[in-house]
Amino acid sequence: MTVGTGGIARGLTGRGFVKPQPHDLIVFGATSFVGQILCRYLADHFGIGQDLDWAIAGRSAPKLESLRNSLGPKAAKLPLVMADAGDEASLHKLCDQARVVISTVGPYALYGEPLVKACVETGTDYCDLTGEVQWIRRMIERYEPAAKQSGARIVHCCGFDSIPSDMGVYFLERQAMQRFGQPCQRVKMRVRAMRGGFSGGTVASLMNVIKEASADPALRKQLANPYSLCPPGYASRARQPNVSFAEYDEDFKAWVAPFVMSAINTRIVQRSNALLDQAYGADFTYDEAVLTGRGLKGRLAATGMGTGLAGFMVAGAIAPARWVLERFVLPEPGEGPSPEEQESGFFDLRFKGFTADGRAITARVTGDRDPGYGSTGKMLGQAGACLALDVAKAATPGGFWTPSTIFGDQLIGRLEAHAGLTFEILEPT
Ligand SMILES: NC(=O)c1ccc[n+]([C@@H]2O[C@H](COP(=O)([O-])OP(=O)(O)OC[C@H]3O[C@@H](n4cnc5c(N)ncnc54)[C@H](OP(=O)(O)O)[C@@H]3O)[C@@H](O)[C@H]2O)c1
Numbered sequence: 000m001t002v003g004t005g006g007i008a009r010g011l012t013g014r015g016f017v018k019p020q021p022h023d024l025i026v027f028g029a030t031s032f033v034g035q036i037l038c039r040y041l042a043d044h045f046g047i048g049q050d051l052d053w054a055i056a057g058r059s060a061p062k063l064e065s066l067r068n069s070l071g072p073k074a075a076k077l078p079l080v081m082a083d084a085g086d087e088a089s090l091h092k093l094c095d096q097a098r099v100v101i102s103t104v105g106p107y108a109l110y111g112e113p114l115v116k117a118c119v120e121t122g123t124d125y126c127d128l129t130g131e132v133q134w135i136r137r138m139i140e141r142y143e144p145a146a147k148q149s150g151a152r153i154v155h156c157c158g159f160d161s162i163p164s165d166m167g168v169y170f171l172e173r174q175a176m177q178r179f180g181q182p183c184q185r186v187k188m189r190v191r192a193m194r195g196g197f198s199g200g201t202v203a204s205l206m207n208v209i210k211e212a213s214a215d216p217a218l219r220k221q222l223a224n225p226y227s228l229c230p231p232g233y234a235s236r237a238r239q240p241n242v243s244f245a246e247y248d249e250d251f252k253a254w255v256a257p258f259v260m261s262a263i264n265t266r267i268v269q270r271s272n273a274l275l276d277q278a279y280g281a282d283f284t285y286d287e288a289v290l291t292g293r294g295l296k297g298r299l300a301a302t303g304m305g306t307g308l309a310g311f312m313v314a315g316a317i318a319p320a321r322w323v324l325e326r327f328v329l330p331e332p333g334e335g336p337s338p339e340e341q342e343s344g345f346f347d348l349r350f351k352g353f354t355a356d357g358r359a360i361t362a363r364v365t366g367d368r369d370p371g372y373g374s375t376g377k378m379l380g381q382a383g384a385c386l387a388l389d390v391a392k393a394a395t396p397g398g399f400w401t402p403s404t405i406f407g408d409q410l411i412g413r414l415e416a417h418a419g420l421t422f423e424i425l426e427p428t
């Protein structure tokens with residue numbers, strides 16, 4: 000069911016015959032914590048029914064209407080589309096009305112598959128915010144052949160995981176090729192500074208991964224494989240580094256601690272290299288960590304962060320401790336950082352790359368809002384717009400892409416111009 004006029008009006012023919020045209024983009028899960036941030040951004044940035052014709056979708060009409068009202072009078076004509084993540088017929092109808100569907104209905108491993116299937120079957124393009132490696136792998140295994148046939152372009156990980164990492168490495172490697180004529184075969188991403196919080200949906204997704212992995216040794220093995228998202232038969236000789244506890248990083252002259260998002264980001268970056276026919280090199284190695292500073296203070300901070308993360312993972316794997324965390328410590332579904340926290344949040348990531356003959360290059364990628372929500376809403380919105388408006392179907396066949404392999408420079412341009420991100424080379428100047 001579509002309420003509103005945006006897409007239909009565009010279908011008026013010369014004889015007055017009304018042929019419904021799909022919207023450029025529909026946000027499914029618009030009422031989620033991050034979905035609401037995304038919709039506010041789309042309304043402010045693209046307006047309603049203008050260059051980007053978009054609509055909102057979900058399972059609850061009153062919630063969708065309340066969201067539309069919260070977007071102000073200009074949003075009165077924003078179309079609403081009803082669909083339920085568990086009802087395949089409604090998802091097919093949703094796909095029939097969209098060229099691109101953005102989904103923020105998570106945990107994706109619990110609710111996401113029917114929509115991916117519907118998009119693949121109808122040739123509808125799709126992007127989301129999942130960071131669930133095991134689910135992405137399952138989707139690729141089950142649906143990639145059909146997506147190639149139908150032309151559906153599926154792009155997971157279009158938020159803080161993994162756009163800054165994937166696009167940051169892509170940017171660094173392009174700069175290395177221009178300056179040195181060769182790629183960096185070794186790249187390190189280090190979080191220099193970051194401020195932000197978690198929402199209930201993100202916590203639920205993380206807890207679900209820990210829960211599934213603690214019950215399944217084969218899944219634990221899959222999650223530990225740095226090439227788990229690369230195409231079947233992909234061969235790389237490189238043994239991938241991994242910062243799993245506090246260590247000193249000679250290249251950054253500082254202590255580093257494990258970074259929780261590296262478990263997904265490193266897999267996406269390796270998939271990008273695989274899809275690009277090893278443009279970053281057959282021996283390309285990549286890892287991520289958090290910089291904690293120099294001297295004893297840096298060492299203590301790295302040890303504290305490493306111990307805290309390990310403790311959280313262990314607690315998440317033990318059912319009673321997980322219950323206590325979910326019940327009393329972590330945010331509930333629908334909760335997340337306040338608008339003030341989103342506004343005052345930011346991230347600053349450093350990428351150091353080394354070519355095979357020892358030349359070095361350093362890039363910085365920054366964002367001007369909290370990574371998981373304020374910035375993620377903008378990144379996801381621009382990724383969806385890029386898919387709908389910039390990347391022609393004829394140029395990019397159906398299949399499971401990564402952000403950098405499908406969007407490339409066009410997304411970097413959008414992120415810098417409209418989403419508060421910066422990409423720059425610090426050295427060599
Ligand atoms: N990659 C990143 O950087 C990043 C950042 C933020 C979030 N995320 C991910 O984004 C997802 C959303 O997070 P969140 O905290 O915003 O979630 P949330 O507030 O808990 O919202 C969940 C959404 O799913 C919808 N939903 C649940 N079951 C459904 C069904 N059967 N049919 C239709 N809709 C259904 C809910 O609809 P109702 O409103 O009707 O209940 C709600 O809109 C999570 O998976 C999270 O991990 C990723």
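Numbering that gives the first Met the number 0 numbers the first residue of the sequence shown as 0 and each following residue consecutively.
Ideal Cβ placement from N, Cα and C applies to all residues, glycine included.
Remember, it's a predicted structure, so these values are computed and weren't measured experimentally.
Closer than 7 angstroms: residue i CB and nearest ligand 1 heavy atom
| i | result |
| --- | --- |
| T265 | no |
| G371 | yes |
| V33 | yes |
| G28 | yes |
| L487 | No statement about residue 487 is possible, as the shown extent of the chain runs from 0 to 428 and does not include it. |
| K116 | no |
| A84 | yes |
| P332 | yes |
| D160 | yes |
| Y110 | yes |
| L299 | no |
| T129 | yes |
| T375 | yes |
| T442 | For the chain, the structure presents residues 0 to 428; residue 442 sits outside this window and is missing. |
| S69 | no |
Burial state of residue i, where buried means 16 or more other Cβ atoms lie within 10 Å
| i | result |
| --- | --- |
| V313 | exposed |
| V104 | buried |
| W322 | exposed |
| K296 | exposed |
| L425 | exposed |
| Q174 | buried |
| D124 | buried |
| A318 | exposed |
| D250 | exposed |
| Q269 | buried |
| D50 | exposed |
| N68 | exposed |
| K351 | buried |
| T306 | exposed |
| G294 | exposed |
| A281 | exposed |
Reference residue i; option with closest CA among the options
| i | options | result |
| --- | --- | --- |
| G111 | Q96, R136, A97, R98 | R136 |
| R194 | V289, T306, C38, R178 | V289 |
| E339 | A214, K296, I360, D369 | D369 |
| A245 | L299, G280, F179, G398 | L299 |
| D165 | L51, Y285, G196 | Y285 |
| V100 | L386, S403, G232 | L386 |
| S374 | E342, T201, Q96 | E342 |
| V429 | A316, A359, N68 | Any property of residue 429 remains undetermined from this structure, which presents the chain solely from 0 to 428. |
| Y142 | P113, V168, L128 | P113 |
| M206 | F311, Y247, A394, A74 | F311 |
| Q20 | A281, L93, I36, D86 | L93 |
| S243 | E87, T302, I36 | T302 |
| R39 | L379, N241, V168, V364 | L379 |
| D43 | K377, T401, C157 | K377 |
| I267 | F345, E334, G167 | G167 |
| V390 | I405, G397, Q381 | I405 |
| F399 | L41, G150, A74 | G150 |
Cβ of residue i within 8 angstroms of any chain B Cβ
| i | result |
| --- | --- |
| R219 | In the displayed structure, chain B is absent; only one protein chain is listed. |
Nonlocal neighbours in the same chain, by C-beta distance under 6 angstroms from residue i, ignoring five residues either side
| i | result |
| --- | --- |
| A54 | H22, I25, P78, V80 |
| Y107 | T129, E131, W134 |
| D248 | V255 |
| G420 | Note on residue identity: the sequence assigns Leu, not Gly, to residue 420. If we look at L420 and ignore the five residues flanking it on each side, its Cβ neighbours are G366, L414. |
| D347 | R191, A192, T365 |
| A434 | No answer is possible for residue 434: the residues shown for the chain start at 0 and end at 428. |
| A384 | L51 |
| G46 | none |
Close Cβ partners of residue i (< 8 angstroms) along its chain, the five nearest in sequence each way excluded
| i | result |
| --- | --- |
| S89 | M81, A82, D83 |
| Q221 | V132, Q133, R136, S227 |
| V115 | Y125, M138, Y142, I153 |
| R9 | With a pLDDT of only 36 at R9, under the threshold of 50, the placement of this residue in the model should not be trusted; the figure read from the coordinates follows. Counting only Cβ-Cβ distances below 8 angstroms, and skipping sequence neighbours, we find Q20, D52. |
Close-in-space but distant-in-sequence residues of the same chain around residue i (CB under 7 angstroms, 5 per side omitted)
| i | result |
| --- | --- |
| F258 | V190, E287, A288, V289 |
| L63 | A29, T30, I55, G57, L79 |
| F170 | A362, I411, F422 |
Ligand 2 heavy atom lying under 7 angstroms from the CB of residue i
| i | result |
| --- | --- |
| V104 | With respect to ligand 2, the structure shown offers nothing to examine, as its ligands consist of ligand 1. |
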